[in-house]
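Please read the structure below before turning to the comments.
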Amino acid sequence: MDTTCLFCQIANGELPVELLERAENYVVFRDIAPQAPEHLLVVPTRHVACLSAHDAPAELGELFAAAARWGRGVGPAGYRLVVNEGQDAGQTVAHLHLHLLAGRHLSWPPG
Ligand code: 5GP
Ligand code: ZN
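Taking our numbering, I'd label the letters of the sequence shown as residues 312 to 422.
Okay, here's the thing in structure tokens:
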């Protein structure tokens with residue numbers, strides 16, 4: 312755990328966030344600044360700074376499987392998964408997370 316990392320603190324229960332799911336390797340909770348009617352974050356419990364730094368494919372698979380399960384639930388008409396990495400993509404929290412967006416038409420291409 313990185314004690315200075317916001318998502319480590321959330322995953323470890325040190326910040327009062329309502330978790331929608333807690334599994335051994337990930338947590339799911341609502342984004343504080345939702346960009347769609349449904350905006351969830353799927354976050355590995357273990358600190359990994361970004362997708363490129365991830366080194367455990369099975370754990371990544373579990374993360375995506377969880378996102379797909381939640382996506383089907385909150386976005387029966389469709390959903391989008393987003394991973395922002397680095398400055399150009401606007402990553403603001405240096406702990407890997409999948410954005411799950413649903414509940415409205417999502418235009419393409421993204422901004
Ligand atoms: P990024 O910009 O790194 O892809 O996404 C970080 C996301 O974390 C943003 O969408 C932001 O709204 C969300 N976020 C930042 N701080 C908090 C927080 O304290 N609680 C929750 N639930 N979400 C947060
Ligand atoms: Zn972290």
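Idealized CB from N, CA, C, for every residue including glycine. This structure is a prediction, so every number in the text was calculated from the model and none was measured.
Which listed residue (SER418, ARG383 and VAL354) has its alpha carbon closest to that of GLY372: VAL354
message: Less than 8 Å between the C-beta atoms of LEU417 and ALA344, yes or no?
response: no
message: For GLY422, tell me which candidate among PHE375, VAL393, HIS350 and GLU325 has the shortest Cα-Cα distance.
response: VAL393
- prompt: So what's ALA413 in DSSP terms, helix, strand or just coil?
  reply: strand
message: Is PHE318 close to chain C? Criterion is C-beta to C-beta, closer than 8 Å.
response: The question asks about chain C, but that chain is absent: this structure has only one protein chain.
query: Does DSSP put VAL393 in a helix, in a strand, or in coil?
result: strand
- prompt: PHE318: beta carbon under 7 Å from a heavy atom of ligand 2?
  reply: yes
- request: Could you please give the first and the last residue of the uninterrupted beta strand (DSSP E) stretch that includes VAL339?
  value: 337 to 341
- prompt: Is the beta carbon of THR423 sitting closer than 8 Å to the one on ALA322?
  reply: The question about residue 423 has no answer here: the residues shown for the chain are numbered 312 through 422.
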